[in-house]
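All remarks here apply to the structure that follows.
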Amino acid sequence: MREIDRKISKLLRGIIEKRDKATKNGKTNNDDLLGLLVESNMRESNGKVNLAMTTEDIIEECKLFYFAAQEVTMILYEVLRLYPPVIFLTRRTYKEMDIGGIKYPAGVNLLLPLLFIHHDPTIWGKDASKFNPERFAEGISNATKYQSAFFPFGWGPRICIGQNFALLEAKMALCTILQRFSFQLSPSYTHAPYTVITLHPEHGAQVMLKKL
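So for the sequence shown, our numbering puts the first residue at 850; every next one is plus one.
In structure tokens, the structure reads:
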């Protein structure tokens, strides 16, 4: 682990030094997170040490941002696996085709039971019904026997075009809330997933917020 950490730090240091050089030469506008951190680092050379971040600070921030983002992504994927907003998708065959050894003529409506597939132990393992974000630790392709078994946003040419925005929005909402509050489920909460067009808690999701 120490060797991996050393290599990551070395790689980040090279990226930071390259960006720092480009900033000093006016070849970048620093409109991303790394740019803002580098600009903070540059203020140190102007004598404002109390406002600055050192190169080592930037390296640690980058590592923290990456690994924390990975964990949040894993959690969101697992939530979407267990509780996909839409529990089934429909498709229509436009020509005769063979699917799983069964021939379907053109014009057949197919129902894809997304919720059942996401909870199938033969696909996800014996813990398919349990909340286990670690199953996505190595990405979607290694979380299950079949990569196409995870499709909370659909797949193919009709996949939801807003999936990346939705995930980003969820991450930002979580970050904003967790910076200001701690929370826990209310004792009155009753776990009862319910479907009316989309999947949602039948009796709401009562949570208790505590300001930090």
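For glycine and all other residues, C-beta sits at the position ideal for the given N, C-alpha and C.
Taking only three categories from DSSP, how would you classify residue i?
i	result
N958	strand
F965	helix
V921	helix
I857	helix
P933	coil
L1058	strand
P1050	strand
T877	coil
P982	helix
I1010	coil
D947	strand
S894	Its pLDDT being 48, under 50, S894 is placed unreliably in this model, and the value from its coordinates should be taken loosely. The answer is coil: DSSP assigns S894 none of H, G, I, E or B.
Tell me whether residue i is buried or exposed, calling it buried when 16 or more other Cβ atoms sit within 10 Å of its Cβ.
i	result
Y943	exposed
H967	buried
Y995	exposed
I908	buried
R930	buried
P1006	exposed
S894	Confidence at S894 is low in this model, with a pLDDT of 48, below 50, so its placement is unreliable and the value that follows should be read with caution. With fewer than 16 Cβ atoms within 10 Å of its Cβ, S894 is classed as exposed.
I865	buried
T993	buried
L886	buried
R868	buried
Alpha carbon to alpha carbon, how far is residue i from residue j?
i	j	result
N991	G1011	24 Å
Q919	A986	8 Å
N899	L1023	Caution applies to N899, whose pLDDT of 48 falls short of 50 and renders its modelled position unreliable; the model cannot decide the point.
T872	E888	8 Å
I936	E927	15 Å
F1000	G875	44 Å
Y932	I951	29 Å
I1008	A1015	13 Å
R862	D881	17 Å
P954	D947	9 Å
H1049	L964	13 Å
R984	M923	8 Å
R851	L860	14 Å
A977	T1044	20 Å
M1057	S1031	8 Å
S858	E1018	29 Å
Tell me where the alpha helix (DSSP H) around residue i begins and ends.
i	result
F1032	Note, F1032: premise wrong, no alpha helix (DSSP H); beta strand (DSSP E) at F1030 to L1034.
I972	P970 to W973
List the endpoints of the continuous beta strand (DSSP E) containing residue i.
i	result
K952	I951 to Y953
T939	L938 to R941
T1044	P1042 to V1045
Original post:
Taking contact to mean at least 3 C-beta pairs separated by less than 8 Å, is the region 954 to 969 in contact with the region 933 to 942?
Top reply: Enough Cβ pairs lie closer than 8 Å, so yes.
**OP:** Determine contact between the region 1031 to 1042 and the region 969 to 980, defined as no fewer than three beta-carbon pairs at a distance below 8 Å.
**Re:** When C-beta atoms of the region 1031 to 1042 are compared with those of the region 969 to 980, fewer than three pairs fall below 8 Å, so the two segments do not count as touching.
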